[in-house]
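Please read the structure below before turning to the comments.
2 protein chains.
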Amino acid sequence: SVTYAQAAEAAKVNRKLNVSNFMAEPITDAAVLLEDKDNMRHRMELLIMEIQAEFCRALESEEFSGQKFLVDRWQRKEGGGGITCVLQDGDVFEKAGVNISVVTGWLPPDAVQQMRARGKKLTEGAKLPFFASGVSAVIHPRNPYVPTIHFNYRYFEVETPDGQKQWWFGGGTDLTPYYLDEKDARHFHKTLKSACDEHDTSYYPKFKKWCDDYFRIKHRHECRGIGGIFFDDIDAPNPDAVFNFVASCARAVIPSYLPLVQRHKNRDYGNNERQWQLLRRGRYVEFNLIYDRGTKFGLYTPGARYESILMSLPLHARWEYMHEPKPNTRESVLQKVLQNPKDWV
Amino acid sequence: SVTYAQAAEAAKVNRKLNVSNFMAEPITDAAVLLEDKDNMRHRMELLIMEIQAEFCRALESEEFSGQKFLVDRWQRKEGGGGITCVLQDGDVFEKAGVNISVVTGWLPPDAVQQMRARGKKLTEGAKLPFFASGVSAVIHPRNPYVPTIHFNYRYFEVETPDGQKQWWFGGGTDLTPYYLDEKDARHFHKTLKSACDEHDTSYYPKFKKWCDDYFRIKHRHECRGIGGIFFDDIDAPNPDAVFNFVASCARAVIPSYLPLVQRHKNRDYGNNERQWQLLRRGRYVEFNLIYDRGTKFGLYTPGARYESILMSLPLHARWEYMHEPKPNTRESVLQKVLQNPKDWV
Numbered sequence: 152s153v154t155y156a157q158a159a160e161a162a163k164v165n166r167k168l169n170v171s172n173f174m175a176e177p178i179t180d181a182a183v184l185l186e187d188k189d190n191m192r193h194r195m196e197l198l199i200m201e202i203q204a205e206f207c208r209a210l211e212s213e214e215f216s217g218q219k220f221l222v223d224r225w226q227r228k229e230g231g232g233g234i235t236c237v238l239q240d241g242d243v244f245e246k247a248g249v250n251i252s253v254v255t256g257w258l259p260p261d262a263v264q265q266m267r268a269r270g271k272k273l274t275e276g277a278k279l280p281f282f283a284s285g286v287s288a289v290i291h292p293r294n295p296y297v298p299t300i301h302f303n304y305r306y307f308e309v310e311t312p313d314g315q316k317q318w319w320f321g322g323g324t325d326l327t328p329y330y331l332d333e334k335d336a337r338h339f340h341k342t343l344k345s346a347c348d349e350h351d352t353s354y355y356p357k358f359k360k361w362c363d364d365y366f367r368i369k370h371r372h373e374c375r376g377i378g379g380i381f382f383d384d385i386d387a388p389n390p391d392a393v394f395n396f397v398a399s400c401a402r403a404v405i406p407s408y409l410p411l412v413q414r415h416k417n418r419d420y421g422n423n424e425r426q427w428q429l430l431r432r433g434r435y436v437e438f439n440l441i442y443d444r445g446t447k448f449g450l451y452t453p454g455a456r457y458e459s460i461l462m463s464l465p466l467h468a469r470w471e472y473m474h475e476p477k478p479n480t481r482e483s484v485l486q487k488v489l490q491n492p493k494d495w496v
Numbered sequence: 152s153v154t155y156a157q158a159a160e161a162a163k164v165n166r167k168l169n170v171s172n173f174m175a176e177p178i179t180d181a182a183v184l185l186e187d188k189d190n191m192r193h194r195m196e197l198l199i200m201e202i203q204a205e206f207c208r209a210l211e212s213e214e215f216s217g218q219k220f221l222v223d224r225w226q227r228k229e230g231g232g233g234i235t236c237v238l239q240d241g242d243v244f245e246k247a248g249v250n251i252s253v254v255t256g257w258l259p260p261d262a263v264q265q266m267r268a269r270g271k272k273l274t275e276g277a278k279l280p281f282f283a284s285g286v287s288a289v290i291h292p293r294n295p296y297v298p299t300i301h302f303n304y305r306y307f308e309v310e311t312p313d314g315q316k317q318w319w320f321g322g323g324t325d326l327t328p329y330y331l332d333e334k335d336a337r338h339f340h341k342t343l344k345s346a347c348d349e350h351d352t353s354y355y356p357k358f359k360k361w362c363d364d365y366f367r368i369k370h371r372h373e374c375r376g377i378g379g380i381f382f383d384d385i386d387a388p389n390p391d392a393v394f395n396f397v398a399s400c401a402r403a404v405i406p407s408y409l410p411l412v413q414r415h416k417n418r419d420y421g422n423n424e425r426q427w428q429l430l431r432r433g434r435y436v437e438f439n440l441i442y443d444r445g446t447k448f449g450l451y452t453p454g455a456r457y458e459s460i461l462m463s464l465p466l467h468a469r470w471e472y473m474h475e476p477k478p479n480t481r482e483s484v485l486q487k488v489l490q491n492p493k494d495w496v
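If you read the sequences in order, they're chains A and B. With the numbering used here applied, the first sequence corresponds to residues 152 to 496, in that order. With the numbering used here applied, the second sequence corresponds to residues 152 to 496, in that order.
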């Protein structure tokens, strides 16, 4: 039980943090977040809380009948927790999931092995304490002319047995249209490029290519969508600079995507367009369940909240044997671009 | 070009083999199959051709408007080929795929490593010649009261560098109902048990448990369906005995399943039942893309025919965030059985 004095104190702290803007109370105690504002863990938590809330509000404001995100705040037995926001069966968004998580625990040896393979200097076979926080979202709109967007920005710390700390950031934003609109593609990539260029003009070309390489459905020899940016293991030049870069990318999501929603959400479409959208959503499921590192890492982690991981899956998907778009259709135009990623800026 | 004499000779061989009963010409030349009838590769190929054809005909005869399987005979650049039969968008079967393949090639080191982990005595790091043949099928009916069935029976040979041959059989049949019908469950398991008991009464209990353990959606702590039988690496007591056992199992598929189709295919159902079926199909996709060894092995094999591998996916699937059946409904009854596999005979 909480005394009036304690409740009043908590309310004061919450006002200072302006938690009323967030989708739920932060995972870390608000007083702790306020007390040590320079701590990168806390800076990242405040950033992802802000990104989650602003993105959810922006999407809600596009709905026709006032549909709102459902908010699930969950705790993890092993340490930390998250806030999962889902808007399902909306008029504009068929399924939209925006998740933040702030977790601590022990890295399983498998994960250590994977990180070593990526070049991290970690002791083999050791169980290492880690901290991870991030925001991730997948938005599947109803109208086939509105693309699906995915983004994820994350911060990771691992402690080595000698007490040293390794840290890095990762993330990306990418677009999966059902019909190619070159104006959309250029706007989306340009917005991401601007966010990157503020920090380092070598970032966009490098991270654009990384994105094309990562989001590949290898067995089909095609990309999941028209790309965007993707990066991992970024720890240079220094924590401040990387954090600011990640914050710029995360804040570029709304301006990169909302204009596309607004431009297309009222367009007429028929069953033909819907069926093609469902087929492409089947491909999205294939990528996420077969290749996506985050999904795999998540599902194989004991105690993982699988509902938050699998919220990225569409409400509906379709698989047809040997489906091939007819030549010279808008569907075949998209497929060609997925097979041969293009430069958009 | 083929002379009249050659064509007449081929026709004679085909008549002797009665290939007109098959869905397509066998992958191995009919004359070769006839010439060396004791060769286990040939016996298995003839068995899977027979199983494929009988199962496809049996399913076709359940359709209301004479829908037929589409037949794709394909060759693999690396050696061998297959016959993929698909019936899509039927009145009774929403998507039914029955595939046979007969392939030769070189085992990639990863696959050798996996087999070594399962106890095979194979040289590490070597590229070994292999032969594999099998039949596999997944049937997704339209009516939610008709269960989905899957079966797969396969024969494998690997040659070791000293010229020795290792061989084994694997396979299984399992049922995924959307609503639990205890009579169905008992009939299905009893039929499989009889097929096993003819050969060894220790088989059914062992392979029933193996099936429950294998077809688990681990992150959801539930089984994919109500099981059946599953086994792998069977090479004792001798090739003849194992082949006969596998043939019995494969021939038990029709009597285990067709009565269920006939019993339920005309039952009335509504949107509620359809939506539950689609959600369960989402779970089916999760198992196949995340855990199924055959799917993974297939998709990671260079030159694999992914359309034949992914024909197991349903025409439609659905994912809802945090869906939980209401207590004391028929949906919750099924879910309880999936969480706690039962003995049915």
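C-beta atoms are modelled at their ideal positions from N, C-alpha and C, and glycine is treated no differently. Bear in mind that the values here come from a model prediction, so they are computed numbers and not experimental data.
### Query
If you run the structure through DSSP and keep just helix, strand and coil, what is residue 406(A)?
helix
### Message
Does residue 264(B) pass the burial test, meaning 16 or more other C-beta atoms within 10 Å, or should it be called exposed?
### Response
exposed
### Message
For a quick check, are the C-beta atoms of residue 308(B) and residue 466(B) less than 9 Å apart?
### Response
no
### Message
Please report the straight-line C-alpha distance between residue 252(B) and residue 285(B), rounded to a whole angstrom.
### Response
6 Å
### Task
Output the distance between the C-alpha atoms of residue 223(B) and residue 310(A), rounded to the nearest integer angstrom.
55 Å
### Message
As an exercise, report each continuous alpha helix (DSSP H) stretch of at least 4 residues that is fully enclosed by the region 328-353 of chain B, in chain order.
### Response
333-348
### Query
Hey, residue 277(A) and residue 305(A) are a contact pair by Cβ (cut 8 Å); roughly how many whole angstroms apart?
Their Cβ separation, rounded to whole angstroms, is 22 Å, which puts residue 277(A) and residue 305(A) out of contact at 8 Å.
### Query
Is the Cβ-Cβ distance between residue 185(B) and residue 164(B) less than 9 Å?
yes
### Task
Using three-state DSSP, classify residue 212(A) as helix, strand or coil.
coil
### Message
Please tell me whether residue 447(A) has its Cβ less than 9 Å away from any Cβ of chain B.
### Response
yes
### Message
Taking 8 Å as the cut-off, does the region 320-327 of chain B touch the region 388-401 of chain B (at least 3 CB pairs, one atom from each stretch)?
### Response
yes
### Query
With 9 Å set as the bound, which would you pick, yes or no: does the beta-carbon of residue 301(A) sit closer than that to a beta-carbon of chain B?
no
### Message
Our contact map puts residue 485(B) next to residue 328(B) with C-beta atoms below 8 Å; I'd like the distance itself, whole angstroms only.
### Response
7 Å
### Task
Please specify which runs of the beta strand (DSSP E), each continuous and at least 3 residues long, are wholly inside the region 270-304 of chain B, giving them in chain order.
279-292
### Task
Assign residue 359(B) to one of two classes, buried (16 or more other C-beta atoms within 10 Å of its C-beta) or exposed (fewer than that).
buried
### Query
Looking at the unbroken alpha helix (DSSP H) that takes in residue 425(A), where does it start and where does it end?
422-437
#### Entry: Residues, ordered as in the chain, of the region 456-475 of chain B that lie near chain A by beta-carbon distance below 7 Å
457, 458, 461, 462, 464, 465, 466, 467, 468, 469, 470, 471, 472 and 473
#### Entry: Contact belief for residue 238(B) with residue 210(B) at Cβ below 8 Å, rounded distance in angstroms
7 Å
### Task
Could you check which residue in 234(A), 468(A), 194(A) and 450(A) has the C-alpha nearest to that of residue 434(A)?
468(A)
### Query
Mind listing which residues of the region 366-390 of chain A have their C-beta closer than 9 Å to chain B's C-betas, in chain order?
369, 370 and 371
### Query
For chain B, is any of its Cβ atoms less than 9 Å away from the one on residue 223(A)?
yes
### Query
In the structure shown, what three-state DSSP assignment does residue 168(A) receive?
helix
### Query
Does DSSP put residue 464(B) in a helix, in a strand, or in coil?
coil
### Query
Nearest to residue 487(B) by CA position, among 473(B), 454(B) and 377(B), is which residue?
377(B)
### Query
Do we get a CB-CB distance below 9 Å when we pair residue 235(A) with the residues of chain B?
yes
### Query
Do residue 195(A) and residue 458(B) have their CB atoms nearer than 9 Å?
no
### Message
For residue 241(B), would you say it is in contact with chain A, using Cβ-to-Cβ distances shorter than 9 Å as the test?
### Response
no
### Task
Figure out for me which residue from 158(A), 230(A) and 288(A) has the closest Cα to the Cα of residue 464(A).
288(A)
### Message
In the DSSP output, which residue or residues are listed as bridge partners for residue 235(B)?
### Response
223(B) and 250(B)
### Message
Tell me the rounded alpha-carbon separation between residue 479(A) and residue 411(B).
### Response
45 Å
### Task
Note the first and the last residue of the continuous beta strand (DSSP E) segment covering residue 382(A).
378-385
### Message
Could you tell me the alpha carbon to alpha carbon distance between residue 177(B) and residue 236(B), rounded to whole angstroms?
### Response
13 Å
### Task
Quick one: grab the DSSP three-state call for residue 396(B).
helix
### Residues near residue 172(A) by beta carbon distance below 6 Å, same chain, minus five either side
204
### Query
Does residue 433(A) have its Cβ less than 9 Å from a Cβ in chain B?
yes
### Message
Suppose the cutoff is 6 Å on Cβ atoms and the five residues either side in sequence are ignored; what does the same chain contact list for residue 148(A) look like?
### Response
Outside the shown range of chain A (152 to 496) lies residue 148(A), about which nothing can therefore be said.
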